[in-house]
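Quick notes on the structure that follows.
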Amino acid sequence: MANIESALLNIGYLETLSSQQTPLQRLDPRVKLLTTLVFIVAVVSFGKYEVTGLLPFFIYPVALIAVGNLPPAYLARKILLAAPFAFFIGIFNPLLDRAILVHLGPVAISGGWVSFASIMIRFTLTVSAALILIAGTGLNAVCLALDKLGAPRSFVMQLLFLYRYIFVLTDEALRLVRARALRSFQGRGLGLKVFSFMIGQLLLRTLARARRIHLAMLSRGFEGRIHLLRPVRLRVQDAAFLLGWSTLFVFMRWYNIPHLLGNLAAEFIR
Amino acid sequence: MSHHLVEVKDLKYHYPDGTAALQGVSFLLTHGEAVAIIGANGAGKSTLLLHLNGCLMPQAGEVRIGGLPLNKNTLSHVRRTVGMVFQDPDDQLFMPIVYDDVAFGPLNLGLPPAEVDQLVKDSLARVGASHLQDRPPYRLSGGEKRAVAIASVLAMSPDILVMDEPSAALDPKTRRQLIELLKTFKHTRIIATHDLDLVLDLCSRTIILKDGQVAADGPTLDILQNEELLASSSLEKPLRLQGCPVCRAKSGSAD
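Chains as they are written, first to last, in this note's numbering: chain U, 17 to 286; chain B, 24 to 278.
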């Protein structure tokens with residue numbers, strides 16, 4: 017129960033972060049969304065044994081965290097929360113793929129471990145980019161950007177409604193859970209059967225609320241289309257943000273910078 | 024100003040489960056009147072309100088708004104004329120931020136953006152909520168939500184305001200502010216409520232609903248002092264019209 021509550025507070029915290037006044041938050045949401053997409057595509061398009069080539073990409077989350085005044089520890093905790101998914105996707109690679117790929121001095125590293133590391137790095141990069149997008153923009157603005165970029169209106173509205181009513185819904189669920197806890201003794205009444213009644217109850221309440229919301233929309237002239245009034249225009253810094261980062265990502269995708277640096281250093285020593 | 028008229032003639036409504044919610048309700052409201060609809064739980068208040076802007080269609084009888092009968096063809100006109108403030112502001116504030124929510128109605132009416140912007144700002148200022156413009160609705164207090172819900176209806180420039188339990192779940196001070204705000208409105212106002220002291224402050228006329236029928240219709244002061252009538256409709260005198268327990272005890276000890 018406390019977990020649901022603190023999770024909700026956390027969503028609220030992301031919203032607070034996104035309303036800060038820094039150069040990052042002031043950027044047009046569309047360019048942040050597009051840049052994040054380019055970043056993610058660049059990161060996931062690497063070959064499965066790539067590790068060194070991915071490392072330069074950390075500059076993007078690090079730079080944005082610094083500019084956007086975002087709390088790194090908080091974001092790291094959020095990433096850890098999702099880490100088990102990536103971990104279990106990658107963890108079988110070392111068992112299945114035992115061919116030795118690299119020798120680090122006396123230590124031989126199998127292809128499985130390399131690809132596992134690659135998966136974890138990609139996961140960290142993409143999830144942190146997505147989190148930074150939300151924390152630096154706010155979900156509502158991201159949805160608006162999706163809309164302006166031509167995503168289907170019904171999809172965008174679904175997302176907005178979900179975000180609007182998740183709080184109301186969890187509040188309602190929380191009240192149900194509390195009401196049950198207060199009248200349950202020695203574990204009686206906490207079983208699956210009661211739980212299934214509660215889920216049903218929650219569904220009915222939600223349907224009733226959906227009906228009332230629909231009536232409220234109709235009362236204000238809703239005719240199947242939701243209009244949003246939000247003039248947005250691109251400024252020079254927006255375009256610069258998008259072009260600058262995208263160029264860098266493409267560059268880092270084609271040239272393995274650590275490799276180049278290594279070669280350069282070797283050249284120099286020789 | 025015939026477009027402020029609200030006429031309900033022998034209105035009947037049965038819910039699909041067979042419950043007869045309204046069994047022949049009739050009344051006529053004129054321009055600028057503030058009318059309270061009171062009655063026990065389940066007397067049909069909410070069902071009646073839902074008919075006034077076409078959320079429900081009459082099964083028998085007629086609803087006329089500003090001289091026009093309520094039907095499918097007049098629906099959009101009626102909805103523009105009658106602004107409805109729902110009981111739970113969470114049902115009414117469905118857009119991501121306050122500004123969007125207040126702009127929702129005017130944009131649906133197809134007004135040009137510059138005009139909508141002005142309407143939104145005016146409506147929010149009218150209810151004293153201009154500072155909430157960029158906030159998401161779930162971050163507002165109960166009183167703020169109520170104020171914004173009213174602004175979102177005002178933005179449609181309705182001639183008639185219909186409110187379901189406007190003072191429910193408000194703290195006394197916020198409730199007082201709401202009453203003061205509603206006093207300043209010139210619209211025809213129809214308020215369904217259990218808050219009889221609010222009725223005393225706001226409404227010159229009162230209609231009592233009982234079992235889906237009009238049990239009484241007349242000046243508020245007359246109706247709210249008729250204890251027999253009130254008791255038979257599961258109501259009681261407004262607290263301010265009842266004897267003050269402190270004063271009564273004092274006068275008792277002096278005797």
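All residues carry an ideal CB built from backbone N, CA and C; glycine is no exception.
Since the structure is predicted, the reported quantities are computational estimates derived from the model, not experimental observations.
Can you list, in chain order, the residues of its chain whose CB lies under 7 Å from that of residue i, leaving out five sequence neighbours each side?
i      : result
A115/U : S126 and G127
L218/U : E188, A189 and L192
R138/U : V59, V60 and L70
F177/U : none
A174/B : V125, S146, L147, R149, V150 and A152
Out of the options, point me to the one whose CA is closest to residue i's CA.
i      : options                           : result
Y38/B  : I60/B, A174/B, N64/B and L79/B    : L79/B
S262/U : A58/U, Q253/U, F74/U and Q41/U    : A58/U
D113/B : A161/U, Q253/U, R228/U and N279/U : R228/U
G166/B : A191/B, P92/B, A148/B and R263/B  : A191/B
L155/U : F132/U, A89/U and L175/U          : L175/U
R103/B : L117/U, W270/U, A232/U and L259/U : A232/U
K168/B : R198/B, Q248/B and T97/B          : R198/B
A44/B  : G65/B, A170/B, E259/B and F50/B   : G65/B
F267/U : Y29/U, I242/U and F62/U           : F62/U
I150/U : I215/U, T32/U and F108/U          : T32/U
P89/B  : D240/B, C267/B, K196/B and T211/B : With the sequence shown as reference, residue 89/B is identified as Gly, and Pro is not the correct amino acid for it. Of the listed residues, the one whose Cα sits closest to G89/B is T211/B.
P168/U : V184/U, R241/U, R249/U and R221/U : R241/U
What is the C-beta distance between residue i and residue j, in whole angstroms, given that I count them as a contact (C-beta under 8 Å)?
i      : j      : result
P189/B : T216/B : 7 Å
V86/B  : C226/B : In fact, because the Cβ distance is near 20 Å, the residues do not count as touching under 8 Å.
M136/U : G166/U : Not really, about 34 Å apart at Cβ, beyond 8 Å.
F109/B : R180/U : About 15 Å separates the two Cβ atoms, so there is no contact after all.
A145/U : T68/U  : Contact doesn't hold; Cβ gap of about 19 Å is too wide.
V139/B : L130/B : 6 Å
E56/B  : R162/B : So it is not a contact: roughly 36 Å between Cβ atoms.
G205/U : R196/U : 6 Å
A98/U  : V143/U : 6 Å
A126/B : A152/B : Between A152/B and A126/B the Cβ distance is about 14 Å, and since that is not below 8 Å, they are no contact.
V150/B : L193/B : So it is not a contact: roughly 13 Å between Cβ atoms.
L232/B : G62/B  : 4 Å
V130/U : L117/U : 5 Å
V83/U  : T38/U  : 6 Å
F132/U : P100/U : That pair is no contact at about 14 Å.
A178/B : G128/B : 6 Å
Between residue i and residue j, is the Cβ-Cβ spacing less than 9 Å?
i      : j      : result
F55/U  : L141/U : yes
Q156/B : V143/B : yes
F257/U : K48/U  : yes
Y122/B : H74/B  : no
D224/B : I246/B : no
V31/B  : I183/B : no
I273/U : P72/U  : yes
L41/B  : G84/B  : First, the residue type needs correcting, since residue 41/B is Gly and not Leu in the sequence shown. Against a cut-off of 9 Å, the Cβ pair of G84/B and G41/B comes out as no contact.
D238/B : S255/B : It is worth fixing the name first, because residue 238/B is Ala in this sequence and not Asp. Going by C-beta atoms, A238/B is nearer than 9 Å to S255/B.
S235/U : G106/B : yes
S34/U  : A124/U : no
L71/B  : I60/B  : yes
L80/U  : L40/U  : yes
K250/B : E259/B : According to the sequence as given, residue 250/B is Glu; it is not Lys. Cβ atoms of E250/B and E259/B: closer than 9 Å.
S99/B  : E239/U : yes
At the 9 Å Cβ level, is residue i part of the contact set with chain B, yes or no?
i      : result
M233/U : yes
R269/U : no
L219/U : no
L176/U : yes
N156/U : yes
I242/U : yes
L49/U  : no
L207/U : Reading off the sequence, residue 207/U comes out as Gly, not Leu. No, G207/U lies away from the interface with chain B (no Cβ there is under 9 Å from its Cβ).
I229/U : yes
Y179/U : yes
L223/U : no
Using the beta-carbon of each residue, which ones in chain C are nearer than 8 Å to residue i?
i      : result
V184/U : Given the protein chain composition of this structure (U and B), no chain C is represented.
Starting from the C-beta of residue i, find all residues in its chain whose C-beta is less than 6 Å away, skip the five residues before and the five after it, and write them out in chain order.
i      : result
M24/B  : Confidence in M24/B is poor, its pLDDT being 46 and thus under 50, which makes the residue's placement too unreliable to answer from.
R158/B : V121
M17/U  : Reliability fails at M17/U, whose pLDDT of 45 lies under 50, so the model's placement of it is uncertain and the value that follows must be treated cautiously. Within the same chain, M17/U has close Cβ partners V193.
A277/B : Its pLDDT being 47, under 50, A277/B is placed unreliably by the model, and nothing is read from it.
Among the residues of its own chain, which have a CB less than 8 Å from the CB of residue i, if the five just before and after it don't count?
i      : result
D220/B : P261, L262 and R263
G237/U : none
Y271/U : none
Closer than 9 Å, CB to CB, is residue i near chain U or not?
i      : result
A44/B  : no
Y122/B : yes
R103/B : yes
V48/B  : no
V58/B  : no
V176/B : yes
S254/B : Ser is not the amino acid found at residue 254/B; the sequence shown has Ala there. No, because no Cβ of chain U sits closer than 9 Å to the Cβ of A254/B.
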